[in-house]
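Asks: Quick one: structure below, then a few questions.
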Amino acid sequence: MPPGKVLQPVLKMKVDELFLCWLSESSTQAMLQDCLQRIKMPGGPEGVGGDAGQPGPPFAAPALACRPRGLDSPGAPGPAPASTALPLGAASSARRGLPVRGPRRSAGTRVVQTRKEQPLPPAASLSIPTFYFPRGRPQDAANVDAIIARIERTFAQFPHERATMGDMGRVAKACGCPLYWKGPLFCGAGGERTGSVSVHKFVAMWRKMLQSCHDDAAKFVHLLVSPGGNSLAQEDFIPFLQDVVNTHPGLAFLKEASEFHSRYITTVTQRIFYTVNRSWSGRITCAELRRSTFLQNVALLEDEVDINQLTEFFSYEHFYVIYCKFWELDTDHDLLIDAQDLARHNDHAISTKMIERIFSGAVTRGKKVQKEGKISYADFVWFLISEEDKKTPTSIEYWFRCMDLDGDGVLSMFELEYFYEEQCRRLDSMAIEALPFEDCLCQMLDLVKPQSEGRITLRDLKRCRLAGVFFDTFFNIGKYLDHEQREQTALFRESESEGPELSDWERYAAEEYDILVAEEAMGEPWEDGYEAELSPVDQKLSALRSPLAQRPFFEVPTGLGAVELYEYERGGGDDLPPS
Numbered sequence: 001m002p003p004g005k006v007l008q009p010v011l012k013m014k015v016d017e018l019f020l021c022w023l024s025e026s027s028t029q030a031m032l033q034d035c036l037q038r039i040k041m042p043g044g045p046e047g048v049g050g051d052a053g054q055p056g057p058p059f060a061a062p063a064l065a066c067r068p069r070g071l072d073s074p075g076a077p078g079p080a081p082a083s084t085a086l087p088l089g090a091a092s093s094a095r096r097g098l099p100v101r102g103p104r105r106s107a108g109t110r111v112v113q114t115r116k117e118q119p120l121p122p123a124a125s126l127s128i129p130t131f132y133f134p135r136g137r138p139q140d141a142a143n144v145d146a147i148i149a150r151i152e153r154t155f156a157q158f159p160h161e162r163a164t165m166g167d168m169g170r171v172a173k174a175c176g177c178p179l180y181w182k183g184p185l186f187c188g189a190g191g192e193r194t195g196s197v198s199v200h201k202f203v204a205m206w207r208k209m210l211q212s213c214h215d216d217a218a219k220f221v222h223l224l225v226s227p228g229g230n231s232l233a234q235e236d237f238i239p240f241l242q243d244v245v246n247t248h249p250g251l252a253f254l255k256e257a258s259e260f261h262s263r264y265i266t267t268v269t270q271r272i273f274y275t276v277n278r279s280w281s282g283r284i285t286c287a288e289l290r291r292s293t294f295l296q297n298v299a300l301l302e303d304e305v306d307i308n309q310l311t312e313f314f315s316y317e318h319f320y321v322i323y324c325k326f327w328e329l330d331t332d333h334d335l336l337i338d339a340q341d342l343a344r345h346n347d348h349a350i351s352t353k354m355i356e357r358i359f360s361g362a363v364t365r366g367k368k369v370q371k372e373g374k375i376s377y378a379d380f381v382w383f384l385i386s387e388e389d390k391k392t393p394t395s396i397e398y399w400f401r402c403m404d405l406d407g408d409g410v411l412s413m414f415e416l417e418y419f420y421e422e423q424c425r426r427l428d429s430m431a432i433e434a435l436p437f438e439d440c441l442c443q444m445l446d447l448v449k450p451q452s453e454g455r456i457t458l459r460d461l462k463r464c465r466l467a468g469v470f471f472d473t474f475f476n477i478g479k480y481l482d483h484e485q486r487e488q489t490a491l492f493r494e495s496e497s498e499g500p501e502l503s504d505w506e507r508y509a510a511e512e513y514d515i516l517v518a519e520e521a522m523g524e525p526w527e528d529g530y531e532a533e534l535s536p537v538d539q540k541l542s543a544l545r546s547p548l549a550q551r552p553f554f555e556v557p558t559g560l561g562a563v564e565l566y567e568y569e570r571g572g573g574d575d576l577p578p579s
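579 is the number that UniProt numbering gives the last residue of the sequence shown; the numbers go up by one with no jumps.
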């Protein structure tokens, strides 16, 4: 039987065949016509035909006729001719020994009056309440009306019921939003075009948003996203972060150094995508934003005066460290670094093969890398955070992509040996005996404990608490020697520490910031009357004020994924000579 064909009950088909055979007999047709005539006569069928005292069961005799002709013996007579009376069914029936059944209706009537199936009660699954709300659980209409009334009362306090950017803080609180949603609210209502927002336009925007957005993540995406989009690109964060730079008290000193605004915005944007955009798509979805802690950090901006306490995204000290490290490598100050520049990071700690992989497009995709072999400051932010903290999911993915030469999602023994060969050569040049690859491989397999023998997957490294030791063994000579000098038990003890401990990145940023501050303090004026050298900050500011540095630095940074990472608008053209 061909697949998908439904089995039919054979017995029913045989009964239908016998019924049609009986119904097609000429004697059956004549008998049925006679019965219909008698039924139509006055008095009904009770007083007609045969022995009135003992009426036989109707249609008992035709049971013989319903037998197929092929089943009768060759000498058996055919069906008797129809009579004027209903047959009693006892004369020539082949089933003479069987008891006669009581009256029953004809088969034809039974077919016509088929029992109608009663509709089944609704299944229990249809009554399960809705539990999936991709854009948040809808609010009650009463709550929405109360918020609208509060918004209208707030606008009534403004001249002509129009709110400027300075008034949007009160409007944001009336909406029940954190204070620093004021920038997205202002832009979402079209205030950036007219300079102010009317109460009617804002209420219409708010009502429309509440029809489809029911939680903070959905609202925030709706306010920042470009028209026609459903996820956030990196340039969508610029108005929001610019408002933070302009109004947060912890960044008030930046008002005198507007050249640093775009650098700070670039850094924060990259850190947002580094932490939130877990899909590496270059666009943050509502679900990713909901799973992250970004909105909680935005809410903390209102209460935390010292922005350096918000170390996950907004810390100025972290920005200062990242930018100074980039400035040291970017010797020609064209805001781009090549492979030779990046190789000088941390005294040439990163192997040449790994530097080549970084510039191959494994983690940096864009025209600048493919054509000119350079990466921008935005990509350097990803590199530095991944290099200094190899415990986070994003950093593990970053280095796994670099080591996965063939892109099959598995680190083979060939790929591990490919990177370890350079480590051995560098150790030999330092007069240090290198561990043979076979012995090193056994140690790493014992460290990672992969599920499949001889194959290390991304899941294996994320499950391992010492992924940083694994990566440093194959491409960071400085940290590899540091790990070799410490006992493995001490490494496990550090990885198992719980509580509000500083992450590797936070520890590194704090140490480097102290060093940079100390270097800046050494540049203070001398008491002998000679003018001291400019501090690193003053040097950077003076350089940034040069014609070359006046071009827009913020390159609309893009995520590591399908979007272009290195396209940005460079004022004055691309053919400017390096300073």
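The beta-carbon is built from N, C-alpha and C at its ideal position, and this holds for glycine as well. Predicted model only: the values in this text are computed from it and were never measured.
Taking the beta strand (DSSP E) that Leu-336 belongs to, which residues open and close that run?
Replies: 336–338
Asks: Please classify Ile-456: does DSSP put it in a helix, a strand, or coil?
Replies: strand
Asks: How many whole angstroms separate the CB atoms of Glu-152 and Val-225, which I take to be in contact at a CB cut-off of 8 Å?
Replies: Contact flag wrong, Cβ pair sits at about 26 Å.
Asks: Does any C-beta atom of chain C lie closer than 7 Å to the C-beta of Gly-454?
Replies: Annotation note: the requested chain C is absent from the structure, which comprises a single protein chain.
Asks: Output yes or no for whether 7 Å exceeds the beta carbon distance between Ala-233 and Arg-278.
Replies: no
Asks: Does DSSP classify Ile-375 as helix, strand or coil?
Replies: Three-state result, Ile-375: strand.
Asks: Val-197 by DSSP, collapsed to three states: which one?
Replies: strand
Asks: Would you tell me roughly how many angstroms separate the C-alpha atoms of Glu-192 and Phe-313, rounded to the nearest one?
Replies: 25 Å
Asks: How is Asn-346 classed by DSSP in three states: helix, strand or coil?
Replies: coil
Asks: Can you give me the C-alpha to C-alpha distance between Ala-434 and Ala-257, rounded to a whole angstrom?
Replies: Looking at the backbone, the Cα of Ala-434 and that of Ala-257 are separated by about 50 Å.
Asks: If I'm right that Ser-351 touches Phe-475 with Cβ under 8 Å, what's the distance once you round it to whole angstroms?
Replies: 4 Å
Asks: Let's see if you can read the secondary structure: which residues bound the alpha helix (DSSP H) around Cys-286?
Replies: 286–291
Asks: Can you tell me whether Arg-357 is buried or exposed? The criterion is at least 16 other CB atoms within 10 Å of its CB, across all chains shown.
Replies: buried
Asks: Give me whichever residues DSSP pairs with Asn-476 in a beta bridge.
Replies: Ile-350
Asks: Span of the alpha helix (DSSP H) holding Lys-12?
Replies: 10–23 is the span of the alpha helix (DSSP H), which, as asked, contains Lys-12.
Asks: How do the segment 180–194 and the segment 232–248 stand: do at least 3 beta-carbon pairs fall below 8 Å, yes or no?
Replies: Contact between the segment 180–194 and the segment 232–248 is established, with three or more Cβ pairs separated by less than 8 Å.
Asks: Quick check: the segment 284–297 against the segment 205–221, are there 3 or more CB pairs under 8 Å?
Replies: Cβ pair count under 8 Å is three or more, so yes.
Asks: Could you work out which residue in Gly-190, Cys-187, Leu-481 and Leu-210 is closest to Asp-145 when comparing CA atoms only?
Replies: Looking at the Cα atoms, Leu-210 is the closest of the given residues.
Asks: Can the beta-carbon of Ile-322 be found closer than 7 Å to that of Leu-342?
Replies: no
Asks: Measure the beta-carbon distance from Pro-393 to Lys-462 and round it to whole angstroms, keeping in mind my assumption that it falls under 8 Å.
Replies: 6 Å
Asks: What do you get for Pro-184, buried or exposed, if any count of 16 or more other CB atoms within 10 angstroms of its CB means buried?
Replies: buried
Asks: Cβ atoms of Asn-297 and Leu-310: under 7 Å apart, would you say?
Replies: yes
Asks: Just tell me which of Ala-189, Ser-198, Leu-336 and Gly-409 has its CA closest to the CA of His-160.
Replies: Restricting attention to Ala-189, Ser-198, Leu-336 and Gly-409, the CA atom closest to the CA of His-160 is found in Ser-198.
Asks: Using DSSP's beta-bridge definition, name the partner residues of Val-410.
Replies: Thr-457
Asks: In its own chain, which residues sit with a C-beta less than 6 Å from the C-beta of Asp-216, not counting the 5 before and 5 after it?
Replies: Here the set comprises Leu-295.
Asks: Counting beta carbon pairs with one atom in the segment 505–515 and one in the segment 320–334, are three or more of them shorter than 8 Å?
Replies: Flag = yes, the segment 320–334 and the segment 505–515 touch.
Asks: By Cβ distance, which residues of its chain are closer than 8 Å to Lys-353, with the 5 residues on each side in sequence left out?
Replies: For Lys-353, where only same-chain residues beyond five positions count, the Cβ hits under 8 Å are Tyr-418, Phe-419, Glu-422 and Phe-475.
Asks: I'd like to know whether the C-beta atoms of Glu-448 and Cys-464 end up nearer to each other than 7 Å.
Replies: Going by the sequence as given, residue 448 is Val instead of Glu. In this structure, Cys-464 lies closer than 7 Å to Val-448 by Cβ.
Asks: Here's a check: name, in chain order, each residue in its chain whose Cβ is nearer than 8 Å to the Cβ of Gln-451, leaving out the five neighbours to either side.
Replies: Thr-457, Arg-459 and Asp-460
Asks: Please report how far the alpha carbon of Gly-409 lies from the alpha carbon of Glu-453, in whole angstroms.
Replies: 15 Å
Asks: Quick check on the DSSP output: the alpha helix (DSSP H) that includes Met-444 runs from which residue to which?
Replies: 437–448
Asks: Between which two residues does the alpha helix (DSSP H) carrying Met-31 extend?
Replies: Boundaries of the alpha helix (DSSP H) harbouring Met-31: 26–40, taken from the DSSP string.
Asks: What three-state label does DSSP hand Leu-310 in the structure shown?
Replies: coil
Asks: For Asp-428, count neighbouring C-beta atoms within 10 Å of its own C-beta (all shown protein chains included) and say buried if the count is 16 or more, exposed if not.
Replies: exposed
Asks: Mapping DSSP to helix, strand and coil, what is Leu-232?
Replies: strand
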